Amino acid sequence: KAAEKGGFPHFMLKEIFEEPEVLRNALAGRIKNGRANLPEMENVVPAIKRARNVHIVACGTSFHAGLVLKRFLEDYAGLTVEIDVASEFRYRNIHIDENTIVIAVSQSGETADTLEGVRRVKVKGGTVIAVTNVVGSTLARESDVVVYLNAGPEIGVAATKTYVSQLAVLFIIGAYISHLRNEKDEIRQIINELEGMPTIFEGTLSTMNESILQLAKEYYQYRHFMYIGRGYGYPTALEGALKLKEISYIHASAYQAGELKHGPIALLDREFPVFAIVPDDALKAKVLSNIMETRARDAKVVAICTEGDQETGRIVNSRIEVPRVSDPLYPLVMSPYLQLFAYHIAVLRGNDPDKPRNLAKSVTVE
Ligand code: G6P
Numbered sequence: 242k243a244a245e246k247g248g249f250p251h252f253m254l255k256e257i258f259e260e261p262e263v264l265r266n267a268l269a270g271r272i273k274n275g276r277a278n279l280p281e282m283e284n285v286v287p288a289i290k291r292a293r294n295v296h297i298v299a300c301g302t303s304f305h306a307g308l309v310l311k312r313f314l315e316d317y318a319g320l321t322v323e324i325d326v327a328s329e330f331r332y333r334n335i336h337i338d339e340n341t342i343v344i345a346v347s348q349s350g351e352t353a354d355t356l357e358g359v360r361r362v363k364v365k366g367g368t369v370i371a372v373t374n375v376v377g378s379t380l381a382r383e384s385d386v387v388v389y390l391n392a393g394p395e396i397g398v399a400a401t402k403t404y405v406s407q408l409a410v411l412f413i414i415g416a417y418i419s420h421l422r423n424e425k426d427e428i429r430q431i432i433n434e435l436e437g438m439p440t441i442f443e444g445t446l447s448t449m450n451e452s453i454l455q456l457a458k459e460y461y462q463y464r465h466f467m468y469i470g471r472g473y474g475y476p477t478a479l480e481g482a483l484k485l486k487e488i489s490y491i492h493a494s495a496y497q498a499g500e501l502k503h504g505p506i507a508l509l510d511r512e513f514p515v516f517a518i519v520p521d522d523a524l525k526a527k528v529l530s531n532i533m534e535t536r537a538r539d540a541k542v543v544a545i546c547t548e549g550d551q552e553t554g555r556i557v558n559s560r561i562e563v564p565r566v567s568d569p570l571y572p573l574v575m576s577p578y579l580q581l582f583a584y585h586i587a588v589l590r591g592n593d594p595d596k597p598r599n600l601a602k603s604v605t606v607e
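So that you can map any letter, position 5 of the sequence shown is 246 in the UniProt record's numbering, and since no number is skipped, the others follow by simple counting.
So this is what it looks like as structure tokens:
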């Protein structure tokens, strides 16, 4: 076991440190002349061109990756996209026909709810694009096309490297769909930055682990955490909170920062810290004013923001800085920091992050 962990104390940490390589594998051969290159999608090009409804279906961490894709497709492909967790999607009476495209995201390709959702779509004549890590999985076999993550097996129950990989692959799929529907110039810039991500991740992981551990030491004894974000920051808030609750058993919730005033802010006091997701995008000023509202309730605030962001630095208790990227790529560049934060808190609390209580790696029953 020790040898399998490659010198790391846990698989989770090992897998986080594999993220630069995982990103390289996710992108390998998939960018050509600055454009998305996905020969495996050729069969569904006519369906993408005629699509009237686009749905994304997934569970857990994969659902959070799907939320990022939804926004990306709305921003760059001119599509309105519906998304739902598979356990809801499978029981909804929504119109599905040959003009419907469903993108099903599942690391394992075996999640029962996701598979049932996909089966319903197939029966009604819709087209299913699967995004999975497991070659030959049920999802891969039952879908019209499959785009693989190529991330290698993930042992840690809480998804880490496969989330990062899903985001990279979903950006490529998003760019591919945008080319077919409504190409926008900014996509080239995003693809260009995406190619540089493995190098950025190498830098992050070699320098940040120790400071995230120090931060975790300040916060590991709290009983609650509230993650807040807007826009592309909201899926990051959801995933950050999910990671924390899965392995540390600290109660963590995530809210759209603008919703705080409609209820959640009632919970906040000095015993209830806030983790604010603050990418330097068009919504940053709004998030900052939401942070001020939480400070007024004496909540401690940790922020993850862009390098050199003094404005955020001045109003929070602690901050983590990430490199500046285009708006959609913030969820990707912020991922390892949130994963490491949850990891160190779990270990400081004496938990085994590889085997969280009550959870399974793949949920093959309803
Ligand atoms: C389980 C795992 C999660 C995962 C979810 C969806 O709950 O513990 O980490 O995100 O299933 O799994 P999938 O394989 O469909 O991505």
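Glycine included, each C-beta is placed from N, C-alpha and C at the ideal position.
Because the structure is a prediction, the values reported are computed rather than measured.
Practice prompt. Look up Arg489 in the DSSP assignment and give the residues it is bridged to.
Written response: As a working note, residue 489 is residue 248 in the sequence shown. Note on residue identity: the sequence assigns Ser, not Arg, to residue 489. DSSP output for Ser489 lists no bridge partner at all.
Discussion item. Closer than 7 Å to a non-hydrogen atom of the ligand G6P - does that hold for the CB of Ala399?
Written reply: The residue given as residue 399 occupies position 158 in the sequence shown. For Ala399, the shortest C-beta to heavy atom distance toward the ligand G6P is below 7 Å.
Worksheet item: Which same chain residues, not among the five before or five after Pro439, have their C-beta less than 6 Å away from its C-beta?
Response: Start at 1 with the first residue of the sequence shown, and residue 439 comes out as number 198. Once the five neighbours on either side are set aside, the close Cβ partners of Pro439 are Pro261, Leu264, Arg265.
Worksheet item: If you run the structure through DSSP and keep just helix, strand and coil, what is Tyr389?
Response: Working through the sequence shown from its first residue, we reach residue 389 at position 148. In this structure, Tyr389 counts as strand in the three-state DSSP scheme.
Worksheet item: From the DSSP output, which residues share a beta bridge with Met467?
Response: By 1-based counting over the sequence shown, the position of residue 467 is 226. Beta-bridge pairing links Met467 to Ser494, Val515.
Worksheet item: Ala379 to Gln551, Cα distance in whole Å?
Response: Numbered from its first residue, the sequence shown carries residue 379 at position 138. Numbered from its first residue, the sequence shown carries residue 551 at position 310. At residue 379 the sequence reads Thr, which differs from the Ala that was named. Thr379 and Gln551: Cα-Cα distance of roughly 49 Å.
Fill in: alpha helix (DSSP H) segment containing Arg382, residue limits
In the sequence shown, the residue the question calls residue 382 occupies position 141. 379-383 is the extent of the alpha helix (DSSP H) around Arg382.
Discussion item. Would Gly397 and Val346 be called neighbours here (beta carbons separated by less than 8 Å)?
Written reply: Taking the first residue of the sequence shown as position 1, residue 397 is located at position 156. Taking the first residue of the sequence shown as position 1, residue 346 is located at position 105. Taking 8 Å as the cut-off, the beta carbon of Gly397 is found no closer than this to the beta carbon of Val346.
Worksheet entry | Per-residue DSSP class, three states only, for residue 610 | Residue 610 cannot be examined here, being either before or after the span of the chain that is shown, 242 to 607.
Worksheet item: Is Thr403 near Ala416, with beta carbons less than 8 Å apart?
Response: Looking up residue 403 in the sequence shown gives position 162. Looking up residue 416 in the sequence shown gives position 175. No, these two residues do not count as a Cβ contact at 8 Å.
Discussion item. By the three-class DSSP mapping on this structure, what secondary structure does Asn450 have?
Written reply: Position 209 of the sequence shown, counted from the start, is the residue given in the question as residue 450. Annotated three-state conformation of Asn450 is helix, per DSSP.
Fill in: Top-ranked residue by Cα proximity to Pro394, from His465, Gln348, Ser419, Ile428
The sequence position of residue 394 within the sequence shown is 153, counting from 1. Distances from the CA of Pro394 to each of His465, Gln348, Ser419, Ile428 were compared; the closest alpha carbon is that of Gln348.
Worksheet item: With DSSP run on the structure shown, which of helix, strand or coil describes Glu323?
Response: Start at 1 with the first residue of the sequence shown, and residue 323 comes out as number 82. DSSP places Glu323 in strand when its eight states are reduced to three.
Worksheet item: Just the Cα atoms here: how many angstroms apart are Lys527 and Glu245?
Response: The residue given as residue 527 occupies position 286 in the sequence shown. The residue given as residue 245 occupies position 4 in the sequence shown. For Lys527 and Glu245, the gap between their C-alpha atoms comes out near 45 Å.
Worksheet item: Buried or exposed: where does Lys530 fall if 16 or more other Cβ atoms within 10 Å of its Cβ makes it buried?
Response: In the sequence shown, residue 530 corresponds to position 289, counting from 1. The residue asked about is misnamed: residue 530 is Ser in this sequence, not Lys. By the neighbour-count rule (16 or more Cβ atoms within 10 Å), Ser530 is not buried but exposed.
Worksheet item: Looking only at its own chain, which residues have a Cβ that is under 8 Å from the Cβ of Asp595, when we skip the five neighbours before and after it?
Response: Position 354 of the sequence shown, counting from 1, holds the residue named residue 595. For Asp595, where only same-chain residues beyond five positions count, the Cβ hits under 8 Å are His251, Phe252, Met253, Ile396, Gly397, Val398.
Item to complete: Assign Lys365 to one of three DSSP states: helix, strand, or coil.
Response: As a working note, residue 365 is residue 124 in the sequence shown. Under the three-state reduction of DSSP output, Lys365 falls in the coil class, being neither helix nor strand.
Worksheet item: Can you pull the DSSP bridge partners for Val542?
Response: As a first step, residue 542 is located in the sequence shown; it is residue number 301 there, counting from the start. Note: Val542 sits in a beta bridge opposite Val515.
Worksheet item: So the alpha helix (DSSP H) Thr341 belongs to, where does it begin and stop?
Response: The count along the sequence shown starts at 1 and reaches residue 341 at position 100. The continuous stretches of alpha helix (DSSP H) do not include Thr341, which lies in the beta strand (DSSP E) extending over residues 341-347.
Worksheet entry | Residue interval of the beta strand (DSSP E) (run including Asn294) | Locating residue 294 in the sequence shown gives position 53, counting from the first residue. Boundaries of the beta strand (DSSP E) around Asn294: 294-299.
Worksheet item: Based on Cα-Cα distance, which residue from Gly499, Val343, Ala327 lies nearest to Ile289?
Response: Locating residue 289 in the sequence shown gives position 48, where the first residue counts as 1. When the alpha-carbon of Ile289 is set against those of Gly499, Val343, Ala327, the nearest one is in Val343.
Worksheet item: Is it a yes or a no for the stretch 496-504 touching the stretch 439-457, going by three-plus beta-carbon pairs under 8 Å?
Response: Contact fails: fewer than three Cβ-Cβ distances are below 8 Å.
Worksheet item: At a cut of 8 Å, does the stretch 462-478 reach the stretch 286-302 through at least three beta carbon pairs?
Response: No: fewer than three Cβ pairs fall under 8 Å.
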